[in-house]
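First the structure, in the form of structure tokens, and then the observations on it.
Protein chains: 2
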Amino acid sequence: MKVAIQGVKGSYHHQVADLLYGEVELLECSTFDQLSRAVAQGDVDKGVMAIGNSIAGSILPNYTLISENGLNITAECYLDIDHQLMALKGQSLDDIVEVQSHPMALLQCKPFFRDYPEIKLVETDDTAAAAYRIQRDGKKGIAAIASSIAATIYDLDIIASDIQEIKNNATRFVVVEKEQEDQQEPNKATINFVSSHEAGSLARILTIFGAQRINLTKIQSIPIVDKPFLFSFVADLEFEALDQFTKARQQIQPYIKELTVLGIYKSATL
Amino acid sequence: MKVAIQGVKGSYHHQVADLLYGEVELLECSTFDQLSRAVAQGDVDKGVMAIGNSIAGSILPNYTLISENGLNITAECYLDIDHQLMALKGQSLDDIVEVQSHPMALLQCKPFFRDYPEIKLVETDDTAAAAYRIQRDGKKGIAAIASSIAATIYDLDIIASDIQEIKNNATRFVVVEKEQEDQQEPNKATINFVSSHEAGSLARILTIFGAQRINLTKIQSIPIVDKPFLFSFVADLEFEALDQFTKARQQIQPYIKELTVLGIYKSATL
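Protein chains in written order, with UniProt numbering: chain S, 1 to 270; chain C, 1 to 270.
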């Protein structure tokens, strides 16, 4: 099996792939766009993609990538993101003049560096890539913010642990595939729909979900560019049997303009 | 009048303050947290705060800051964010080895720099602060990504215009104040509520809004940390007369656990 991840070995995406599938062949992608295309073109069997976190909310552009590339969500996984500060063996925090990482990791750890105003924060493409380059180039004085497995893989010392500001930083990842597998007993669906223009259509749609005992676990409106009064919604729905979802999907037809099922899968727990 | 902005003079927040109030005394805040506290403590009359953009969605942590500091949204404003690359007079793109800006601006302009892999992207606290320091220190070889007014204020040359990837990058700002002013003919409200645990309560709430001819222009569910099955919602509601909102607010009582009105104000157009 071949799995596309965002970033290089040692990234949080790698950690999720490892958790779900163990040791597999990895395709390292530098962007979510590249990852989506690799899955759509059949270069890999699956792709692992972050889709949101408990602090900042959804990564909306990734929903667009899934939809535009015709991908299917076939699984989900939650990972607690704990950021580690790592450097060459023997280095300590006092030796560090520059910290490199992905902009999101830098943002999440910014309060930690308030006490170290002389340390320069430099953005890189990827958390694990920053760790990799420190080892490859034997860079003294430079630290990376990355996952604990990146420290192991690239043989670096963790010089400060769990430096992210908010400690409950769970990130939700989804597995995307070209084809929608027939899953055993799925109980969750992710959909993207445009409600019809009539006032109250969203309320009617949610009433139908309620009548089918479908639990709405996420809803987010997305303004449609250039169409100020039209909204697209992303929603996650949980149910006991697929039949509930199938019925609701038929019944909401009068109240929607468009509906894309991004995936039907088994829910995971945090 | 004294207005708190995020960032320094020349920031996009300054641009919004200028648009709304003309020349006023500014309090430059390095974080949204500091800005919120300045408003709550009465150090300023108003604060200008970015609350979301058309690409990435809401800045959820800012809703939390408004709520936790007991602030009121009293106005909104949309600004098209056009990023300019600027450097000391006489410099051209070929001279640049490093570009400094806020991580969000760097992200939005990343595709532009694909053709210049030798340019290092370095994150700073603020777009305009990066521009300011280039002028103050006479830094050759360094460029900043910032607003066009930053180029004017800090006397820099724009060496590449509108370098952001997506051209319709409208950002929504809100004005926050300590007290809820009595506004003339408000037609919009931002609320934060926790629906009661019963299935279908969100559908009932939206049905009530629909019956009062209230238009839902934004809804987003926010997972409540440590309470996996409870959700908080942020919603923007538009109406013609305040009376519609007042009635709906009473009628939804049975279906909500908590409701905070973050503000009642006049809507702005994009």
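C-beta: ideal position from N, C-alpha, C; glycine also. In this text, all values refer to a predicted model and were calculated from it rather than measured experimentally.
- In its chain, beyond the 5 residues on either side, 84 have a beta carbon closer than 6 Å to the beta carbon of residue 148 (chain C).
- Contacts with chain C at 7 Å (Cβ-Cβ) include residue 203 (chain S).
- Setting aside the 5 residues that flank it on each side, residue 150 (chain S) is surrounded in the same chain by 10, 128, 131, each with a C-beta closer than 6 Å to its C-beta; the list follows chain order.
- Put simply, of S:48, S:37, S:34 the residue whose alpha carbon is nearest the alpha carbon of residue 25 (chain S) is S:48.
- Residue environment analysis places residue 23 (chain S) among the exposed positions, since fewer than 16 neighbouring C-beta atoms fall within 10 angstroms of its C-beta.
- At a Cβ-Cβ threshold of 7 Å, residue 263 (chain S) and residue 171 (chain S) do not count as neighbours.
- For residue 85 (chain C), the nearest beta carbon of chain S is not closer than 7 Å to its own beta carbon.
- Separation of residue 39 (chain S) and residue 244 (chain S) (C-alpha to C-alpha, rounded to the nearest whole angstrom) is 30 Å.
- For a Cβ distance threshold of 7 Å, residue set 221 of chain C lies close to residue 218 (chain S), ordered along the chain.
- Residue 188 (chain S) sits buried, since 16 or more C-beta atoms from the chains shown fall within 10 Å of its C-beta.
- Note on the stretch 201-235 of chain C: whole beta strand (DSSP E) runs with a minimum of 3 residues are 215-224, in chain order.
- For the pair residue 253 (chain C) and residue 73 (chain S), the Cα-to-Cα distance works out to about 37 Å.
- The residue among C:2, C:35, C:17, C:242 with its C-alpha nearest the C-alpha of residue 77 (chain C) is C:17.
- A straight line joining the alpha-carbon of residue 159 (chain C) with that of residue 19 (chain C) spans about 25 Å.
- When the beta-carbon positions are compared, residue 86 (chain C) and residue 27 (chain C) stay at least 7 Å from each other.
- Taken in chain order, the members of the stretch 91-106 of chain S whose beta-carbon sits within less than 7 Å of a beta-carbon on chain C are 103, 106.
- Rounded to whole angstroms, residue 238 (chain S) and residue 183 (chain S) show a C-alpha spacing of 15 Å.
- DSSP, reduced to helix, strand and coil, places residue 193 (chain S) within a strand of the structure shown.
- Residue 1 (chain S) and residue 45 (chain S) have their alpha carbons spaced roughly 6 Å apart.
- Listed along the chain, the chain S residues whose CB falls inside 7 Å of the CB of residue 206 (chain C) are 202, 203, 206.
- Per DSSP, the unbroken beta strand (DSSP E) holding residue 172 (chain S) starts and ends at 170-177.
- Per DSSP, reduced to three states, the secondary structure at residue 149 (chain C) is helical.
- Per the Cβ contact rule, the stretch 49-66 of chain S is in contact with the stretch 56-65 of chain C (3 or more Cβ pairs under 8 Å).
- The beta carbon of residue 173 (chain C) lies closer than 6 Å to those of 16, 48, 50, 77 in the same chain, with the five residues before and after it left out.
- Taking 7 Å as the threshold, the shortest C-beta distance from residue 181 (chain S) to chain C does not fall below it.
- Excluding its 5 nearest sequence neighbours in each direction, residue 121 (chain S) has C-beta neighbours in its own chain below 6 Å: 99, 106, listed in chain order.
- Secondary-structure assignment with DSSP links residue 265 (chain C) through a beta bridge to C:188.
- Distance from the Cα of residue 90 (chain S) is smallest, within the candidate group S:217, S:70, S:140, for S:140.
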